[in-house]
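Counting from 1, one number per residue, gives the positions in the sequence shown under our numbering.
Virtual Cβ for every residue (Gly too), placed ideally from N, Cα, C.
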Amino acid sequence: MSECAICYLGQYDLFKDLTEDELDMLGRGSQPTVIPKREYIFTPDDPGNQVYMLKSGRVRISRLSETGKHFTLVILEPGDVFGENALFADEPRRNFAEVLDDAQICAIDKKEFEKIAMRNPSVSLKLAQIVEHRLNEAQEQIEHLVFYDVQTRLARLLLKLADIHGERVDGGVQIGIKLTHEDIASLIGSTRETTSKILNEFKANGWIDVKKRHIILVDQKVLAEMK
1 MSECAICYLG
11 QYDLFKDLTE
21 DELDMLGRGS
31 QPTVIPKREY
41 IFTPDDPGNQ
51 VYMLKSGRVR
61 ISRLSETGKH
71 FTLVILEPGD
81 VFGENALFAD
91 EPRRNFAEVL
101 DDAQICAIDK
111 KEFEKIAMRN
121 PSVSLKLAQI
131 VEHRLNEAQE
141 QIEHLVFYDV
151 QTRLARLLLK
161 LADIHGERVD
171 GGVQIGIKLT
181 HEDIASLIGS
191 TRETTSKILN
201 EFKANGWIDV
211 KKRHIILVDQ
221 KVLAEMK
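Take a look at the structure:
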């Protein structure tokens, strides 16, 4: 059994129902790789012939607009699967997958993944649930862009990040991941300049604080009431 299967694939929820033989089959089509910060795992027009598991680090999936601006679709955390669109369409990549922190990934050959999914319906079901969740997230992003101004979108993003990555500290809830103003701007469909201005206003009003590049939500009630 490969290093990927031994150290990671067998522990991942997507594959927890696989037999040892199935894990071994999947492992033989897998490649463990360490990719440094700010490198790309794939870019638009790259062949979609692999599915990826993120073991450590963070990866941003984004798309480039006609005006040359990146819009972040999702920021992935350890344990996430990505590049799954390759399983549903025989076409090149459409998105960017950029490493935000040094990342350890496991690249699984598309054909080997498909064989396992056909043999084990639980893999197909769990993958469908992942895709559904991401579609719902994308729908929510679209609704926010249509119905809310930048200030409200930023407030809602901070609350969401605090809910997912929040850590209780003196003075409030600290978002446990570090994001640049550019990262945040790309998540809310804004510019870095506008995002920085609003973050400074939030801080001046005492709603948030920033320590060592971590944002701390001081007054979540005010942020939640923005409409």
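Residue i (DSSP reduced to helix, strand or coil)
| i | result |
| --- | --- |
| Thr72 | strand |
| Met1 | Caution applies to Met1, whose pLDDT of 46 falls short of 50 and renders its modelled position unreliable; the model cannot decide the point. |
| Ala185 | helix |
| Arg119 | helix |
| Lys37 | coil |
| Phe147 | helix |
| Ile215 | strand |
| Ile177 | coil |
Selection from the options that minimises the alpha carbon distance to residue i
| i | options | result |
| --- | --- | --- |
| Asp46 | Ala138, Phe71, Ala224, Asp90 | Asp90 |
| Tyr12 | Trp207, Ser56, Val99, Lys178 | Ser56 |
| Glu22 | Met118, Met53, Val146 | Met118 |
| Leu223 | Phe96, His70, Ala155 | Ala155 |
| Glu39 | Arg58, Ser122, Leu187 | Arg58 |
| Leu76 | Lys211, Asn200, His165 | His165 |
| Thr191 | Ser30, Gly79, Lys69, Leu26 | Lys69 |
| Leu87 | Leu54, Leu9, Ile116, Ser65 | Ile116 |
For residue i, the first and last residue of its enclosing alpha helix (DSSP H)
| i | result |
| --- | --- |
| Thr152 | 150 to 165 |
| Ile198 | 192 to 204 |
| Glu22 | 20 to 28 |
| Ala89 | Per DSSP, Ala89 belongs to no alpha helix (DSSP H) and is neither H nor E. |
Limits of the beta strand (DSSP E) - the one that residue i falls within
| i | result |
| --- | --- |
| Val59 | 50 to 64 |
| Gln11 | Premise fails: Gln11 is in no beta strand (DSSP E) and is neither H nor E. |
Inter-residue CB distance, residue i and residue j (contact presumed, cutoff 8 Å)
| i | j | result |
| --- | --- | --- |
| Thr180 | Val150 | Thr180 to Val150, Cβ: 17 Å. No contact. |
inquiry  = Between the region 208 to 223 and the region 101 to 118, can you find at least three pairs of beta-carbon atoms closer than 8 Å?
reply    = no
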